[in-house]
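Just below is one structure, and these are the notes that go with it.
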């Protein structure tokens with residue numbers, strides 16, 4: 001696996017999530033936020049075998065992220081890494097990382113506000129200009145991480 005700029009920040013992210021259960025990760029585009037963070041956190045002791053949900057702004061991004069993460073593990077989508085989007089899903093009984101869109105997470109929160117079995121929700125690109133799920137952040141009672149290329153101060157206080 002090639003080294004990416006995000007790799008040096010992963011120990012601090014692990015520590016922040018273990019102690020505070022929420023973190024904001026700011027790194028430039030292409031640093032590896034989407035592809036490295038979920039895989040790096042998968043075996044953390046505080047996660048205790050629970051699943052990770054990673055929120056993506058669009059269906060295409062969710063599918064692409066799941067495919068990339070699965071390929072990093074040398075697996076097919078639906079094994080350790082899967083996705084759920086409107087009208088399509090590829091998850092299996094061994095899936096530990098689910099990449100989802102806002103609507104899927106909203107429905108899951110309606111059905112199960114405690115998000116049983118979910119140990120971490122990653123808001124990927126949480127400050128995209130056209131996509132800002134500010135209403136979702138306070139609804140998540142489990143550990144959460146907000147990952148973005150640039151987080152303006154005005155949005156940081158509202159969302160993360």
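Residue numbers (full-length UniProt numbering): 1 to 160. In this text, a Cβ means the ideal position worked out from N, Cα and C, and glycines have one as well.
**For residue 85 and residue 108, believed in contact at Cβ under 8 Å, the rounded distance** = Rounded, the Cβ-Cβ distance is 13 Å, inconsistent with contact.
**Request:** Tell me the start and end of each unbroken alpha helix (DSSP H) in the UniProt domain "Helicase ATP-binding" (14-126) that is at least 4 residues and wholly inside, in chain order.
**Result:** 33-41, 59-73, 102-111
**Prompt:** Cβ of residue 53 within 7 Å of Cβ of residue 8?
**Reply:** no
**Message:** Using 8 Å as the cut-off, can you tell me whether the stretch 10-29 makes contact with the stretch 66-73, which would need three or more C-beta pairs spanning the two stretches below that distance?
**Reply:** no
**Request:** Check whether the Cβ atoms of residue 38 and residue 125 lie closer than 7 Å to each other.
**Result:** no
**Item:** CA-to-CA distance, residue 89 to residue 81, given in whole angstroms
**Value:** 11 Å
**Item:** Beta-carbon contacts of residue 153 that lie in its chain and below 6 Å, excluding the five residues immediately before and after
**Value:** Unreliable placement is indicated for residue 153, whose pLDDT of 45 sits below 50; the coordinate value is still reported in the next sentence. Within the same chain, residue 153 has no close Cβ partners at all.
**Request:** Pick helix, strand or coil for residue 9, following the three-state DSSP scheme.
**Result:** helix
**Prompt:** Among residues of its own chain, excluding the 5 on either side of residue 5, which ones have a beta-carbon nearer than 6 Å to its beta-carbon?
**Reply:** 31
**Prompt:** What residues in its chain sit with their C-beta under 6 Å from that of residue 16, if we drop five residues either side in the sequence?
**Reply:** 23
**Asked** Could you give the distance in angstroms between the alpha-carbon of residue 20 and the alpha-carbon of residue 41?
**Response** 15 Å
**Prompt:** How should residue 55 be labelled, buried or exposed, when 16 other C-beta atoms within 10 angstroms of its C-beta is the threshold for buried?
**Reply:** buried
**Selection from 66, 49, 46, 91 that minimises the alpha carbon distance to residue 34** = 66
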